[in-house]
Amino acid sequence: MKNLVRTLRLQRGLAQGQLAEAMGVSRQTINSIETERYTPSLPLAIALARYFGVTVEEMFDDQG
Amino acid sequence: MIRGSCRWLARSRWSMLAFCLPMGGVMVLASALGGQLAAGVAGCAVLVVFGLAIALASGSETIRGLRGDGRDERFAQIDLRATAVTGHVLILAVVTAWLVEIAQGHSGNPYQWLGALAGLTYVLAVVFFRWRG
C-alpha cells in the first residue's frame, strides 16, 4: 500500500532503525512498509500515524 | 510469573535451544525404549548442535525470527504463511503416500488416519476460528 512513511521519516531525520525501535518492530519491517511490500496491521498503522502527527488516511493510500 | 518467563523465553535467542533440548531428551527416551539408544543419542546431539548454532549465530532477520528474538507482527505473518505451506506439503505427501500404498494393495495405514486427522483438524480449526471471530 502506498504510504508516506519514508517521506515523513526523512523529514524528521530518522533512520529506519530508529523508527523501528520507536514502533517496537524490526528495521526490515519498516523497510518493507516503505517499499510497499508489507501492509502493517491496524495497531501499527495507528501507531505510525500518531508518531508523525498525521491521520492514518493521510499516511496510507489504499487507492494507490 | 510463569507466563512472563515463557514469553521472555519465546522471544529470546535461546528459544530454539529450549525446544531442542527437551525434544532431544524425549528422542533419547523413545530410542532407549526401542532398544536403539545410540541412534537416539546421535539424534539428540544433532538437535542440540542445531539449537546451539541458531542461538549463537549472529543476526540475520531469518535467524533472529527463527529463534524468537527478532519477531514482530510481520514475522508472525511470515511464520503463519510458512506454517501453512509446510502443512500443505505434508498433506500432499500424506495423500500421495496413501494413494501409493493402496495402489500396491496395502491397507493405506498409517497414511489413511494421518490424512483423516489432517482433514478433521482443518475443519475443526475453521469452525473454531469462525466462532472466535
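Protein sequences, first through last, are from chains A and B. The first sequence lines up with residues 1 to 64 when you count with my numbering. The second sequence lines up with residues 65 to 197 when you count with my numbering. Here a beta-carbon is modelled for each residue, glycine too, at the ideal position from N, C-alpha and C. Only a predicted model underlies this, so the values are computations on that prediction, with no experimental measurement involved.
C-alpha distance - B/C84 paired with B/A119, whole-angstrom precision | 11 angstroms
May I ask you to report which of helix, strand or coil DSSP gives A/R3?
-> Looking at the sequence itself, residue 3 of chain A is Asn, so the reference to Arg does not match. Reduced to three states, the DSSP call for A/N3 is strand.
Note down the Cα distance separating B/W78 from B/G99, rounded to an integer number of angstroms.
-> Roughly 31 angstroms separates the two Cα atoms.
Under the three-state DSSP convention, the category A/D62 falls into | In the structure shown, A/D62 sits in coil (DSSP, three-state: anything other than H, G, I, E or B).
Whose CA, out of B/E137, B/H170, B/R138 and B/G183, lies closest to the CA of B/L154?
-> B/G183
Could you tell me if B/Y175 is buried or exposed, where buried requires 16 or more neighbouring beta carbons within 10 angstroms of its beta carbon?
-> buried
Could you check if A/D43 is buried or exposed, using at least 16 other CB atoms within 10 Å of its CB as the buried criterion?
-> It is worth fixing the name first, because residue 43 of chain A is Pro in this sequence and not Asp. Exposed, because fewer than 16 other Cβ atoms sit within 10 Å of the Cβ of A/P43.
Can you find a CB in chain A that lies within less than 8 angstroms of the CB of B/G134?
-> yes
Residue range of the alpha helix (DSSP H) that B/H152 falls in?
-> Residues E137 to A167.
A/R37 versus A/N31 - alpha carbon distance | 9 angstroms
Cβ-based neighbour list, B/F114, same chain, cut-off 8 angstroms, excluding 5 preceding and 5 following | Answer for B/F114: M80 and C84, listed in chain order.
Kindly indicate which three-state DSSP category B/A15 falls into: helix, strand or coil?
-> There is no way to answer for residue 15 of chain B, as the model of chain B reaches only from 65 to 197.
Go ahead and pull the three-state DSSP assignment for A/P43.
-> Correct three-state label for A/P43: helix.
Is the Cβ of A/T29 closer than 8 angstroms to any Cβ of chain B?
-> yes
Extent of the continuous alpha helix (DSSP H) run through A/Q28 | R27 to E34
Cβ pair B/E137, A/S41 closer than 8 angstroms | yes
Proximal chain B residues relative to A/V25, where beta-carbon distance stays under 8 angstroms = D136, E137 and R138
So which of A/S26, A/E34, A/Q28 and A/E21 has the shortest CA-CA distance to A/L10?
-> Residue A/E34 is the option with its Cα nearest to A/L10.
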